[in-house]
């Protein structure tokens, strides 16, 4: 039993796994967390299935060069009128440390939440050895993921 990549502190089997197996996510935040986990685990079919058909890319390939490390939910207001948003920051390593910040939009249709689109901002992180590690360990970068 391993911790769920979404950062919920629950084990994967009791968290995002149920959504990956077909149970609809009950909120935009739950869908966001399960989609982050799907990116971390290269579950491309789940990502496509939860992407609204009007904005879904034609193809979506796994990306083993990206190591998703931590998800931080900044804001997830209560959805209204079948629409919701989630503001998040996802930290990843891909030849260097990066942060992807996005305000994602979700829509509720046919009994399910779907990712519609977002406003992403990508930043390359320049980390000092004594800063906290972006992986979420709460350790100094030099003692954790610096190499």
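Numbering (our numbering), first residue to last: -12 to 134. Glycine residues also receive a C-beta, built at the ideal position from the N, C-alpha and C atoms. Note that the structure is predicted; figures quoted are calculated from it, not measured.
Output yes if chain B places a C-beta closer than 7 Å to the C-beta of residue i; else output no.
i          : result
residue 33 : Absence of chain B from the displayed structure is noted, only one protein chain being present.
For the beta strand (DSSP E) containing residue i, list its first residue and its last residue.
i           : result
residue 136 : Because the chain here runs from -12 to 134, residue 136 falls outside it and cannot be looked at.
residue 76  : 70 to 80
residue 61  : 54 to 62
Should residue i go down as buried or exposed, given a rule of 16 or more other Cβ atoms within 10 Å for buried?
i          : result
residue 71 : buried
residue 12 : buried
residue 47 : exposed
residue 37 : buried
residue 7  : buried
So the alpha helix (DSSP H) residue i belongs to, where does it begin and stop?
i          : result
residue 91 : Where residue 91 is concerned, there is no enclosing alpha helix (DSSP H), although the beta strand (DSSP E) it sits in stretches over 84 to 96.
residue 7  : 3 to 7
residue -2 : Run containing residue -2: none; DSSP gives neither H nor E here.
residue 22 : 15 to 27
Can you round the beta-carbon distance between residue i and residue j to whole angstroms, since I take them to be within the 8 Å contact cut?
i          : j           : result
residue 81 : residue 105 : Contact doesn't hold; Cβ gap of about 19 Å is too wide.
residue 73 : residue 16  : 5 Å
Please state whether DSSP places residue i in a helix, a strand or coil.
i          : result
residue 67 : strand
residue 43 : coil
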